[in-house]
Amino acid sequence: MLKHILTLGSATVLIIHVGILYCWIFAWEQLVTTTGIALWVGSIFAGLMIYAGYRKFDRSGTVSMLSRRVVLSSTLVAMVLAAFAIIIQYTMSSMI
């Protein structure tokens, strides 16, 4: 049961992270709204929780190892994008 929940959560978080990457590239205005930032922070938090769930409850599964790495990778990419967005925002605000 828990494995199915982790798999469904992994797929959901991965879809959200791909959506964030798409918005970051093509429609960054949507990410700097209150809803966009809340979605961004929530997806990073959910990704870290799902990764911790995989590490704690399914240590030996080889299929879950791939899911665990994908969740960690997409969460790290979302964190890097957030850091770049903060740096870009700070740079742009200092130019005005």
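In my numbering, the protein residues as written are 6 to 101. Just so you know, even glycine gets a beta-carbon here, dropped at the ideal spot from N, CA and C.
Residue state for Thr-38 is assigned as coil, using DSSP reduced to three classes.
Shown here for Gly-14: same chain residues with a beta carbon closer than 6 Å to its own, the five before and five after excluded, namely Ile-55 in chain order. With respect to Val-18, Val-76 sits close: the two C-beta atoms are nearer than 8 Å.
Proximity to Ile-10 across Val-85, Leu-81, Ser-69 peaks at Ser-69, based on C-alpha coordinates.
Remark: C-beta atoms of Leu-86 and Leu-26 approach each other more closely than 8 Å. Per DSSP, reduced to three states, the secondary structure at Ala-32 is coil, with no helix or strand assignment. Residue environment for Ser-79: buried (at least 16 other C-beta atoms within 10 angstroms of its C-beta). When secondary structure is reduced to three states using DSSP, Ile-10 falls in the helix class.
By the neighbour-count criterion, in which a residue is buried when 16 or more other Cβ atoms sit within 10 angstroms of its Cβ, Ser-48 is buried.
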